[in-house]
Amino acid sequence: MPSPTLTITHITTATAILNINGTTFLTDPFFGPVDGTEYDTTPVWEQADLQSLGLDSIPPPPHLINRRGPALQLDELPPIDAVLLSHEDHLDNLDPEGRKLLDARKVFTTPDGASNLRPRPGIVGLRPWETVTSTIGDKVFRITGTPCKHFPVGEVTGFILETDSLGVHAESGKLNAIYFSGDTVYIDELKEIGARWHVTAALLNLGKATFDFPVGPIQITMDGGQAVRLMREIGADLMIPVHFESWEHFTEDRDGLAKTLDPITLFHAPSSSTSTNAFNILKRASTAASSTARGDFQLEVTTAPPTTDQLRNILDYVSADASAASTSRNSRAYAPSDVIKGAKDAQDALKRFKEDGGAGFVRPITVDWTNAQAVIGDNESEILRMVHQTEEAK
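With UniProt numbering, the residue at position 113 of the sequence shown is 113, and numbering never jumps.
#1: Could you round the C-beta distance between residue 78 and residue 17 to whole angstroms and report it? I think they count as a contact, below 8 Å.
#2: Note down, one range per segment and in chain order, each beta strand (DSSP E) of at least 3 residues found wholly within the region 181-253.
#3: As an exercise, report each continuous alpha helix (DSSP H) stretch of at least 4 residues that is fully enclosed by the region 102-162, in chain order.
#4: What number of angstroms, rounded off, separates the C-alpha of residue 201 from the C-alpha of residue 240?
#5: Going by the beta-carbon positions, is the gap between residue 124 and residue 132 smaller than 7 Å?
#6: I need the DSSP call for residue 7, collapsed to helix, strand or coil.
#7: Leaving out five residues on either side along the sequence, give the residues of the same chain with a beta carbon under 6 Å from the beta carbon of residue 236.
#8: Looking at the secondary structure, which residues open and close the alpha helix (DSSP H) in which residue 82 lies?
#9: Pop quiz: residue 226 and residue 317 are said to be a contact at Cβ under 8 Å. What is the actual Cβ separation, rounded to whole angstroms?
#10: Determine, using beta carbons only, whether residue 95 and residue 32 come nearer to each other than 7 Å.
#11: If I measure Cβ to Cβ from residue 238 and keep anything under 8 Å in the same chain, skipping five residues before and after, which residues do I get?
#12: If we ignore side chains and look at the alpha-carbon of each, how far apart do residue 368 and residue 352 end up?
#13: Could you name the residues of the same chain whose beta carbon sits closer than 6 Å to that of residue 311, not counting the 5 residues immediately before and after it, in chain order?
#14: If you measure between the beta carbons of residue 180 and residue 151, is that distance less than 7 Å?
#15: With 16 as the cutoff for other CB atoms within 10 Å, does residue 106 come out buried or exposed?
#16: Out of 334, 145, 257, 154, state which residue places its alpha-carbon closest to the alpha-carbon of residue 162.
#17: What's the C-alpha gap between residue 186 and residue 157?
#18: To the nearest angstrom, how far is it from the Cα of residue 388 to the Cα of residue 270?
#19: Who are the near neighbours of residue 130 in its chain, counting only those whose CB is closer than 6 Å to its CB and skipping five residues on each side?
#20: For residue 355, which three-state DSSP category applies?
#21: Taking the DSSP output, what are the residues bridged to residue 317?
#22: Taking all protein chains shown into account, do 16 or more other C-beta atoms lie within 10 angstroms of the C-beta of residue 173, making it buried, or fewer, making it exposed?
Below, the structure written as C-alpha cells:
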C-alpha cells in the first residue's frame, strides 16, 4: 500500500481544505466579505437555554464582526468532494456564500443541521459516536461524529475520518484517523478518541471564543491550554490550530496561542523538597520569560502521573539510548530507572508503569514538549538551560 498523503490548506476561521490521497473535504465554509459587516445573531440568540444560563430574560444579542477575508475565494477552490459542517446555525461557520458549496455535494453535519438543510439529498446527520460509511471520490471513508460543547443552544459535532489508505498505527494497532474538532470547549468525553483511534492529525477550532452574559462570560471554543490537554490525552501526532483570528469574539489570538502552545510541564510531588525547589525555579523562570530568548511559556504543574504516551516521550527525551541529536540537548543522559523506579530499560519502564498505575514514576520531572527535553530533579542550571534562560542557551 502506498504511503498516505495529507495536505491541509487553511482558508479562514475554521475553513480548511483536507486533501486525503486526492479526496478533498472542506470544513465549516465561510467566504463572507471583510468589510466590518455585523452579522445578525438574533435568531440563534433567541433560542438560548435561559434556565441553563441562570437567566430570566434574554440579553441583547452580541456583535459578530469579521475583520479578515478568506485566503481563497469560491472560484479559486479546487474540486470539493465533501463538506464537514460542525453546525449550520452560526454564521462564522457557515455563511450565505459558504452555503453555495452545500448543493450537489455530500455534507456531514448534525441531525438538526441535516434537517434544516434539506431537501439537499447529500446531507448526513451524525450523533456523537455514530459512524457512517460513504464512498467519497473513489475511496471509502468511515466518518464518526464526536461530541462537542459549544453555545447553550443547538447541536454541534466534530468528526473522525478513517479510510484504508491511512493504515494502522504499528505500535498501538489502532486505526489511523484524522480529527476535526468543530466548535467546542474541552470535555472529558473526547478522551474516548484516543482510546479508539490513533490520530495522525487534529484540526482544532481554538480562539477562546467568548460571549458576555449577565452571569459572566461564557467560553464556547477551546483555548490553547485546553488544546494542549486534549492533544496529550488523545495522543495525536500533529495539531493544526484554526479558528483563532479575524473575529471580534475570539479572545486568544496568535500571540496568546504561541504562549499556551509552548508548555513546560512539571510532574510535581508537593511533599518533596526537591520537587518544591524545582517548582520555585520554574515559577521564577516563568515570571522572567518575556525578556528571555525563549519568550513566554505556559507552566503546567500536575501531581498526576503522565499518560502512557507522555511517558514514552519522556523516556525518549532522557534515555541514554536516544539519538545523539536528542541527548545532546541535556547536560547528562538519564537511565530509564531514573524515570521509573527499578526499570531495566524503556520497555521495562512502560511495563512497570502499566502494572503499578504510575506508583513508581519519579518526581520531579520537568518536560519541554516543544523541544523534546526533560530534566529530572531540581538542578537549576539544567532547568534554566532547558527554558532558554542561560547565556549558553541564548
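Backbone N, C-alpha and C fix where the C-beta goes; we use that ideal spot for every residue, glycine too.
According to the structure shown:
#1: Locating residue 78 in the sequence shown gives position 78, where the first residue counts as 1. Locating residue 17 in the sequence shown gives position 17, where the first residue counts as 1. Their Cβ separation, rounded to whole angstroms, is 7 Å, which keeps residue 78 and residue 17 in contact under 8 Å.
#2: 197-205, 210-213, 216-219, 239-242
#3: 111-117
#4: Indexing the sequence shown from 1 puts residue 201 at position 201. Indexing the sequence shown from 1 puts residue 240 at position 240. C-alpha separation (whole angstroms): 7 Å.
#5: Sequence index remark: in the sequence shown, residue 124 carries index 124 (1-based). Sequence index remark: in the sequence shown, residue 132 carries index 132 (1-based). Going by C-beta atoms, residue 124 is nearer than 7 Å to residue 132.
#6: Your numbering for residue 7 matches position 7 in the sequence shown. DSSP places residue 7 in strand when its eight states are reduced to three.
#7: Reading the sequence shown from its first residue, position 236 is the one you call residue 236. So the qualifying residues of the chain are 199, 202.
#8: Counted from its first residue, the sequence shown places residue 82 at position 82. Looking at the DSSP string, residue 82 is not in any alpha helix (DSSP H); the run it does join, the beta strand (DSSP E), is 82-84.
#9: For this step, residue 226 is matched to residue 226 along the sequence shown. For this step, residue 317 is matched to residue 317 along the sequence shown. 24 Å between Cβ atoms; not a contact.
#10: Counting from one through the sequence shown, the residue named residue 95 turns up at place 95. Counting from one through the sequence shown, the residue named residue 32 turns up at place 32. Yes, the pair counts as a contact, with Cβ atoms nearer than the cut-off.
#11: Locating residue 238 in the sequence shown gives position 238, counting from the first residue. Excluding positions up to five away in sequence, the list reads 200, 201, 202.
#12: Taking the sequence shown and counting its residues from 1, the one referred to as residue 368 is at position 368. Taking the sequence shown and counting its residues from 1, the one referred to as residue 352 is at position 352. Each residue's Cα considered, the two are about 24 Å apart.
#13: As a working mapping, residue 311 is identified with position 311 in the sequence shown. Excluding sequence neighbours, residue 311 sits near 353.
#14: Here residue 180 is taken as the residue at index 180 of the sequence shown, counted from 1. Here residue 151 is taken as the residue at index 151 of the sequence shown, counted from 1. No, the pair does not count as a contact, with Cβ atoms beyond the cut-off.
#15: Taking the sequence shown and counting its residues from 1, one reaches residue 106 at position 106. It is buried - the Cβ of residue 106 has at least 16 other Cβ atoms within 10 Å.
#16: In the sequence shown, residue 162 corresponds to position 162, counting from 1. Cα-wise, what sits closest to residue 162 is 145.
#17: Here residue 186 refers to the residue found at position 186 of the sequence shown. Here residue 157 refers to the residue found at position 157 of the sequence shown. Their Cα atoms are separated by approximately 13 Å.
#18: The residue given as residue 388 occupies position 388 in the sequence shown. The residue given as residue 270 occupies position 270 in the sequence shown. If you take the alpha carbons of residue 388 and residue 270, they lie about 25 Å apart.
#19: Your numbering for residue 130 matches position 130 in the sequence shown. These residues qualify, in order along the chain: 145.
#20: As a first step, residue 355 must be located in the sequence shown, where it is residue number 355. Correct three-state label for residue 355: helix.
#21: Taking the first residue of the sequence shown as position 1, residue 317 is located at position 317. Beta-bridge pairing links residue 317 to no other residue.
#22: Sequence index remark: in the sequence shown, residue 173 carries index 173 (1-based). Its Cβ having fewer than 16 others within 10 Å, residue 173 is exposed.
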